[in-house]
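Residue numbers (our numbering), protein chains in the order written: chain A, 63 to 445; chain B, 302 to 486.
This is the structure:
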C-alpha cells in the first residue's frame, strides 16, 4: 500500500482521537481551574490528582437511563445531539497541527486535509452545529428548551457576522482561505495579532459567543431557562451535547491560535530547523522540527482553552438585550471598521505602521465622539 | 447617621467612555480571578487531613487512668445522674486484695456502659465527675456505626490504653481560660 496513504490515515485517526481526548480532559480541567479560582482543590479522588474523573463521568452517563419524553419528537430528539457531535468533530479536519513530515522522501502535511477553502469549511461546519441545538431544543417539546434553542440560533447568527468580518481582514492580509497558507503567511513571529489587535479581540469575543460559553451562555442559562436546550436530555445524549461544546472550545482555540498566533510558528523557527538538520540529517532534523512546531501549536491552543475557562469563571452572563446590542451596535460596526483599516493599510507601503495608526485614529474618534453622542441621547431622553 | 466606618458609598455616576467598552472591568476581574488561581487553597482533604479542633472539643469518651495506670473511676454514679440523655449506666464492685494496682479507689466500676445513640456529647459527665475519671477526647471522633450492636460502648472501648495515653493542653475550664489568656498575650 502507498506509504502516503498509510501515514495520512494514521494522522487523521490521531487528530480524531486527540480532539476527543482533549475534549474529555477539558471537562476535568474546567472543574480544576474553576476550583482553583474559587480557592478549592477540585476533583482529586479518582486516580492520582483525579485524572480518571472524565472516565468516571463518562461511565456514569453511559449507565444512566436513556430517556425520551413522551411528547417529544423521538427521531429529532435523537438527531439533535448527533448533529452537534458530528459537526464538532468534523471541523478539526482542516486544521494544520504542524508543518510537513518527511517520510521516505515524501512531504506529508500534519493535517487532515489541506482544502483551499479551509477556513470557510470550519465556519460552515460550525454554523451547521447550531442545528444540533435548535433541533434538540425544538424536539424536546418544552418551552424552556425552545427558548434556549431560539436564543442559540439568534446569538450564533448575530455573532457570526462580526466573526466573519474580522476574519475577512485576516484573509485579506494572508491572501488565502486555506488555513495552512494563513499559518505559513505568519512565518516566525510575523503573527496577525500584532497587525490586527482589534480584529483579534473581536474574534475571541465572537468565539466565546459561538461556543455558547460564558459570558454568552444564554442558550443554557441555568437560572432562567433551567438548562436551556438540554433541559429534557439525560444519559449519554446530554453527554454528547456537553462533549460537543468542549470539542468546539478546542476547535475555536485552535482556530484562534492558527489565525492570530501563527499556528505552529514560533520565533526563531528557521534557526531551530537549520540547527536540527545540521545536527542530524535532512530527514530526521526536519521531522523533529515539525514535532516542535506541533508542540508549540498545542501550547498555544491550551493557553486559549485556559483563557476560555478563565473567562467563564470570571465574568457574569449578559442580559439578552445587552447581548444583541453588543453584537449589532458595537461588534459589527467595529469589525467593518477593522476591515476597512486593514484593507487601507495593505495598500500603503508600510502596512504594519499604517494599521496601528488607523486603529489609533479609530480609538481617538471613539473617545471624542462618544461623549457627544451620549449628550445628544440624554437630551432626547429628557424631552 | 453613620453606623459603621466600613460602609462604602456606592458610585452611581455614569461610566466613562473607556469604561463603557467593558475592557477595564474585564481586565480587572480577570486579574482578581488569576490572583485566586495561584493563591493558597482553603480546602482540608478531610479523611486524610484533619483540622485541630481545640483542646476542649467534645469527642470520643475516655475513662482516664491515673499516673500509675490505675482506673480512676469509683462508680459513684454522678455522671449517670448528670447525664441529660440518660446514656450512662454502670455496675459497681468492691476492690479485693491484690487489685490495688488496677483500681485507685476501694470501689470501682465492674461494668461501665454508654449508649452512643443517646449521648448528645454535652460534656456534663465530665463536669460532674469528682475523680477526674471520665473525659470527652478532643482528638478523636466517635466513628460511624452501622448496626445496633456497635452502639453500646463498654469498658473495653472506653478505658484508656496505657500504651497510648491521652493528653491535652487544658483539662478544666480554668485551664482553658488560662490558655486563652496566654494566647491573647
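Note that the Cβ used here is the ideal one computed from N, Cα and C, for glycine as well.
{"Item": "Inter-stretch contact (C-beta, 8 angstroms, three-pair minimum) for the region 397 to 408 of chain A and the region 260 to 269 of chain A", "Value": "yes"}
{"Item": "Residue ranges of each beta strand (DSSP E) within the region 367 to 436 of chain B, 3 or longer", "Value": "389 to 395, 408 to 416"}
{"Item": "Under the three-state DSSP convention, the category residue 199(A) falls into", "Value": "helix"}
{"Item": "Contacts that residue 377(A) makes with chain B (C-beta to C-beta distance below 7 angstroms)", "Value": "327, 330"}
{"Item": "Interface residues of the region 411 to 424 of chain A facing chain B [CB-CB below 9 angstroms]", "Value": "none"}
{"Item": "Start-to-end residues for the alpha helix (DSSP H) that takes in residue 252(A)", "Value": "From DSSP, residue 252(A) is part of no alpha helix (DSSP H); its letter is neither H nor E."}
{"Item": "7 angstroms Cβ cut-off: residues of chain B touching residue 98(A)", "Value": "338"}
{"Item": "Length of the line joining the Cα atoms of residue 322(A) and residue 122(A)", "Value": "39 angstroms"}
{"Item": "Cβ neighbour criterion (16 or more within 10 Å) applied to residue 145(A)", "Value": "buried"}
{"Item": "Proximity winner among 399(A), 298(A), 202(A), 178(A), relative to residue 147(A) (alpha-carbon distances)", "Value": "298(A)"}
{"Item": "4 or more residues per run - each alpha helix (DSSP H) lying fully within the region 333 to 374 of chain A", "Value": "344 to 374"}
{"Item": "Three CB pairs or more closer than 8 angstroms across the region 168 to 184 of chain A and the region 245 to 258 of chain A", "Value": "no"}
{"Item": "Test item: CB-CB of residue 308(A) and residue 127(A) under 7 angstroms", "Value": "no"}
{"Item": "CB contact check: residue 311(B) to chain A, cutoff 7 angstroms", "Value": "no"}
{"Item": "Enclosing beta strand (DSSP E) for residue 339(B) [first to last residue]", "Value": "Taken as a continuous stretch (DSSP letters only), residue 339(B) belongs to no beta strand (DSSP E), as it is neither H nor E."}
{"Item": "Whole-angstrom distance between residue 333(B) and residue 149(A), CA atom to CA atom", "Value": "36 angstroms"}
{"Item": "Three CB pairs or more closer than 8 angstroms across the region 399 to 415 of chain B and the region 316 to 335 of chain B", "Value": "no"}
{"Item": "Residue-chain proximity (residue 102(A), chain B), Cβ-Cβ < 7 angstroms", "Value": "yes"}
{"Item": "Secondary structure of residue 310(A), DSSP reduced to three states", "Value": "helix"}
{"Item": "Beta carbon of residue 326(A) nearer than 7 angstroms to that of residue 358(A)", "Value": "yes"}
{"Item": "Residue 110(A) (DSSP reduced to helix, strand or coil)", "Value": "helix"}
{"Item": "Three-pair Cβ contact test at 8 angstroms for the region 284 to 304 of chain A versus the region 328 to 347 of chain A", "Value": "no"}
{"Item": "Buried/exposed call for residue 249(A), threshold 16 Cβ in 10 Å", "Value": "exposed"}
{"Item": "At least three beta-carbon pairs within less than 8 angstroms, the region 417 to 427 of chain B to the region 365 to 373 of chain B", "Value": "no"}
{"Item": "Helix, strand or coil at residue 173(A) [DSSP, three-state]", "Value": "strand"}
{"Item": "Given residue 274(A) as reference, the closest of 191(A), 226(A), 246(A) once Cα atoms are compared", "Value": "191(A)"}
{"Item": "Within-7 angstroms CB hit, residue 342(B) to chain A", "Value": "yes"}
{"Item": "Anticipated Cβ contact below 8 angstroms, residue 438(B) with residue 467(B), distance rounded", "Value": "6 angstroms"}
{"Item": "Simplified DSSP assignment, three categories, for residue 362(B)", "Value": "strand"}
{"Item": "Any chain A beta carbon closer than 7 angstroms to residue 375(B)", "Value": "no"}
{"Item": "Cβ neighbour criterion (16 or more within 10 Å) applied to residue 382(B)", "Value": "exposed"}
{"Item": "Residue(s) in a DSSP beta bridge with residue 95(A)", "Value": "Bridge partners of residue 95(A): none, in fact."}
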